[in-house]
Structure formats: structure tokens, C-alpha cells
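What follows is a single structure, written as C-alpha cells, with notes after it.
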Amino acid sequence: MQKYSDVRGMNFFNTTIASKRKKSKLFTLIIVKKNENVLLGLKKRGFGVHKWNGFGGKVESGESIQDGAIRELQEECGLIANSLYKHGILWFENLETTDMIFEVHLFSVSDYKGEATESEEINDLLKMIIFVIEMIPKWFNIKDIPFQNMWPSNKYWLPLVIEGKKFDAFFLYKNEHVLDFTINEY
Ligand SMILES: Nc1nc2c([nH]c(=O)n2[C@H]2C[C@H](O)[C@@H](COP(=O)(O)OP(=O)(O)OP(=O)(O)O)O2)c(=O)[nH]1
Numbered sequence: 033m034q035k036y037s038d039v040r041g042m043n044f045f046n047t048t049i050a051s052k053r054k055k056s057k058l059f060t061l062i063i064v065k066k067n068e069n070v071l072l073g074l075k076k077r078g079f080g081v082h083k084w085n086g087f088g089g090k091v092e093s094g095e096s097i098q099d100g101a102i103r104e105l106q107e108e109c110g111l112i113a114n115s116l117y118k119h120g121i122l123w124f125e126n127l128e129t130t131d132m133i134f135e136v137h138l139f140s141v142s143d144y145k146g147e148a149t150e151s152e153e154i155n156d157l158l159k160m161i162i163f164v165i166e167m168i169p170k171w172f173n174i175k176d177i178p179f180q181n182m183w184p185s186n187k188y189w190l191p192l193v194i195e196g197k198k199f200d201a202f203f204l205y206k207n208e209h210v211l212d213f214t215i216n217e218y
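With my numbering applied, the sequence shown covers 33 to 218.
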């Protein structure tokens, strides 16, 4: 392990990681806020299955990060964001399971069109026939956020999103445990 002082230009002086050579992959994450509530989705399949989370995913080639975030929100819960508020970037490294670092661009949305519905993604092979539900959206009061059924990092950064803060953060995982983390608030 070596001291990790530079995550793509960000300083995380107190955080250690195994390697600086890993590539990062771009993701987005949106937390929808309304009064004292946040909208979360229960992931029903794939990476992070059975966890509550915000809405997001990989940025596709040719689209901007913001457009990717808006697309994922609409695909996963049916809401159309009118404007996004950027909180910062979350970096996730897992010592055990992957050779890449997640670079997650984190937004919140309070201004949107539509009502949250269960998301439906059409399976490529069986288009028009089979509908695969990816996430079940649900509103939670900010006092009742189900941190025990979320990624372990979320209890550290989600309260900052609720408070409207700007920050970058780095989390070092071993499997599903946070070994070390740094949060830099602006
Ligand atoms: N790796 C990781 N991701 C986290 C943590 N906390 C958290 O909210 N996330 C978010 C960031 C991403 O938006 C999401 C993980 O990606 P995803 O589940 O959308 O990935 P995916 O492969 O399904 O992507 P896609 O098919 O929808 O494009 O989880 C965490 O602690 N670790």
C-alpha cells in the first residue's frame, strides 16, 4: 500500500490505496429531493442488487456526463430532470473485486417533471416481449433513510447531499467493507 495523494487531480492525503495505475470508469448518480424526502430505488438485479440507492449508471460514449445522468434517471424511475445540482465526485476503489476505480459524478434534483414509477428496461433479445424491472422507486423521509440496506459509503456522503454541500470523496473498499475514506468539502 502507498499513500494516495492524487485521484485524477483531487487531493486525498490521508487515504491509502493499492495502486495508482488503475483506470477509472465514469458513472452518474442522482438523488431526487422533495421537501424532507428523498427518492431511492431498490436495485432488483445486477451490480448492487437488493440495495437502496440513487439513480444512475454508466456514461455512454458520445454523451455528456449530465446527459447520461438525466437519461439514467428517466430510464430507472421515469422522472425528467429540469435542472441538476452538482455536488461533486465520489471515487470508489475495491481492493478485492475489480481492477478499476468508479468515478461517480453526483447530482441532486429538486426540479423535475413526472411521477416516479417502477422502471422498465427492455431486454435486447426479447424486445417488445419481456420487460425487466430494474429498480423500484420509493420516497423516504430524511430521518428514515435505510442506510443499513445501502452501500456502506452512503451513510458518510448522503447526509452532505441532503444538506446541499459540495464535496469530493474517496472510499476504499475491501469487498463490502469501507477500509478507509476521505471527504473534502468545499
Ligand atoms: N461502487 C460503488 N457504487 C456506489 C456506492 N454508493 C453508491 O451510491 N454507488 C452508486 C454509484 C453508481 O451510480 C451505482 C453503481 O453503478 P450501477 O449499479 O448504476 O451500475 P450498472 O452496472 O447497473 O450501470 P448501468 O448498467 O445502469 O449503466 O452505485 C459505493 O459505495 N460503491
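All C-beta atoms in this analysis are idealised placements derived from N, C-alpha and C, irrespective of residue type, glycine included.
The stretch 202 to 212 in contact with the stretch 115 to 125 per 3-pair CB rule at 8 Å: When C-beta atoms of the stretch 202 to 212 are compared with those of the stretch 115 to 125, three or more pairs fall below 8 Å, so the two segments count as touching.
Candidates 97, 129, 183, of which the one nearest residue 135 by Cα: In the sequence shown, counting from the first residue as 1, residue 135 sits at position 103. Out of 97, 129, 183, the CA that lies nearest to the CA of residue 135 is found in 97.
Exposure label - residue 217; buried when at least 16 CB within 10 Å: Here residue 217 is taken as the residue at index 185 of the sequence shown, counted from 1. Counting the other CB atoms within 10 Å of its CB gives residue 217 a total below 16, which places it among the exposed residues.
Cβ pair residue 174, residue 68 closer than 7 Å: Stepping through the sequence shown from its first residue, residue 174 is reached at position 142. Stepping through the sequence shown from its first residue, residue 68 is reached at position 36. Their beta carbons are under 7 Å apart, which means residue 174 touches residue 68 by this criterion.
Classification of residue 93 by the beta-carbon crowding that lies within 10 angstroms, buried from 16 upward: By 1-based counting over the sequence shown, the position of residue 93 is 61. Residue 93 is exposed by the Cβ-count criterion.
Sub-7 Å separation of residue 172 and residue 72 beta-carbons: On the sequence shown, position 140 is the one that residue 172 refers to. On the sequence shown, position 40 is the one that residue 72 refers to. Contact annotation: residue 172 and residue 72 have beta-carbon atoms nearer than 7 Å.
Beta-carbon proximity of residue 70 to residue 62, cut-off 7 Å: What you label residue 70 is simply residue 38 of the sequence shown in a count that begins at 1. What you label residue 62 is simply residue 30 of the sequence shown in a count that begins at 1. Contact flag unset, no.
Sequence-distant residues of the same chain with beta carbon closer than 7 Å to residue 186, five excluded per side: Here the question's residue 186 lines up with position 154 in the sequence shown. Hits under 7 Å: 179.
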